[in-house]
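In order, the protein sequence lines correspond to chains A and B. Take 6 as the starting number for the first sequence in my numbering and just add one per residue. Take 11 as the starting number for the second sequence in my numbering and just add one per residue. All C-beta atoms in this analysis are idealised placements derived from N, C-alpha and C, irrespective of residue type, glycine included. What you are looking at is a predicted structure, and each value in this text was computed from that prediction instead of being measured.
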Amino acid sequence: KQEVTQIPAALSVPEGENLVLNCSFTDSAIYNLQWFRQDPGKGLTSLLLIQSSQREQTSGRLNASLDKSSGRSTLYIAASQPGDSATYLCAVSNQGGKLIFGQGTELSVKP
Amino acid sequence: GAVVSQHPSRVICKSGTSVKIECRSLDFQATTMFWYRQFPKKSLMLMATSNEGSKATYEQGVEKDKFLINHASLTLSTLTVTSAHPEDSSFYICSASRLAGGLVRTDTQYFGPGTRLTVL
């Protein structure tokens, strides 16, 4: 049974810092991995999607990496801003499209 | 493109009543819609997968008679929480993935804004 774990559960950093969020999964037979952002009381916004054959994806200040064999992904946020404060969720999918989510990392960026 | 809406955004109901939540894909046709439940400070848990025109597939531990799912068209799925109890209070989120063709990706689920259900 696939399990997804995110570390740390919460993170507080001063504005301008670069930071890394970690995601690990137990079954390497994944179709893709996604990183999402969730603001309090809101739905999910997809940030980056990495196919199983890819090693990384970049969008602006965000970079996500994937090491399928070791069951790990990282989300790197450069030059963090207070507007980046949110919960970041990692999810893996199988070919049927089912998403298995981690429990999220709650990020707070202090001005 | 790829907008998914949910209605209502929040609902409060009395114990024992039924509540219907709608999930609509506004600008694309969704072959598959997913329903998730999220407890405070917790992750999303997949409840069921629904394909247009067929019965939903429920995850282990989810009561199908309690959580009725209907996917009557390519743009609408509904989740009805029957005989709601306080323990059903939660944040319910739907997502939709599309048919092949067009600008909307087939390998991505597009999420609705969620519905906050409170059962008194």
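Using the Cα positions of A:PRO13 and B:SER99, report the straight-line distance between them to the nearest angstrom.
-> Taking the straight line from one Cα to the other gives about 27 Å.
What are the boundary residues of the beta strand (DSSP E) that includes B:HIS95?
-> Counting along the chain, B:HIS95 falls outside any beta strand (DSSP E), and DSSP gives it neither H nor E.
Alpha carbon to alpha carbon, how far is A:GLY65 from B:TYR102? Give it in angstroms, no decimals.
-> Those two C-alpha atoms are separated by around 30 Å.
Residues that B:LEU86 bridges to, as DSSP identifies them | Paired residue(s): B:ARG34, B:SER83.
Give a yes or no on contact between the region 83-97 of chain B and the region 25-38 of chain B, applying the rule of three or more CB pairs nearer than 8 Å.
-> Counting Cβ pairs under 8 Å, three or more are found: they touch.
Closer than 9 Å, Cβ to any Cβ of chain A: which residues of the region 117-130 of chain B, in chain order?
-> Answer in chain order: ASP117, THR118, GLN119, TYR120, PHE121, GLY122, PRO123, GLY124, ARG126.
State the beta-bridge partners of B:GLU69 as determined by DSSP.
-> Bridge partners of B:GLU69: none, in fact.
Check the Cβ of B:LYS52 against every Cβ in chain A and list those closer than 7 Å, keeping chain order.
-> Think of a sphere of 7 Å around the beta carbon of B:LYS52: the chain A residues whose beta carbon falls inside it are GLN108, in chain order.
On the three-pair Cβ rule with 8 Å, is the region 87-97 of chain A touching the region 83-90 of chain B?
-> Verdict: no, contact absent.
With 9 Å as the limit, tell me which residues of the region 55-71 of chain B have their beta carbon closer than that to any beta carbon of chain A; keep them in chain order.
-> Those residues of the region 55-71 of chain B that come within reach of chain A (Cβ to Cβ, closer than 9 Å) are MET55, LEU56, THR59, GLU69.
If we ignore side chains and look at the alpha-carbon of each, how far apart do B:SER64 and A:PRO116 end up?
-> Spanning the alpha carbons of B:SER64 and A:PRO116 requires a straight line of approximately 51 Å.
Look up B:GLN48 in the DSSP assignment and give the residues it is bridged to.
-> Paired residues: B:LEU54, B:PHE101.
Which first and last residues belong to the beta strand (DSSP E) in which A:THR63 is found?
-> Per DSSP, A:THR63 belongs to the beta strand (DSSP E) from 61-64.
Going by C-alpha distance, which of B:ALA66, B:ASP75, B:ALA12, B:LYS52 is nearest B:GLY35?
-> This sequence places Ser at residue 35 of chain B; Gly is not what is there. If we check each option's Cα against that of B:SER35, B:ALA12 comes out closest.
Name the residues in the region 43-74 of chain A whose C-beta lies less than 8 Å from a C-beta of chain B; which are they?
-> Those would be GLY46, LYS47, GLY48, LEU49, THR50, SER51, LEU54, GLN56, in chain order.
For A:PRO19, three-class secondary structure by DSSP | Correct three-state label for A:PRO19: strand.
Can you check whether the CB of A:GLN7 is closer than 8 Å to the CB of A:THR31?
-> Judged by beta-carbon spacing, A:GLN7 lies within the 8 Å limit of A:THR31, meaning their Cβ atoms are closer than that value.
Of all the CB atoms in chain A, is at least one closer than 8 Å to the CB of B:SER107?
-> B:SER107 counts as touching chain A.
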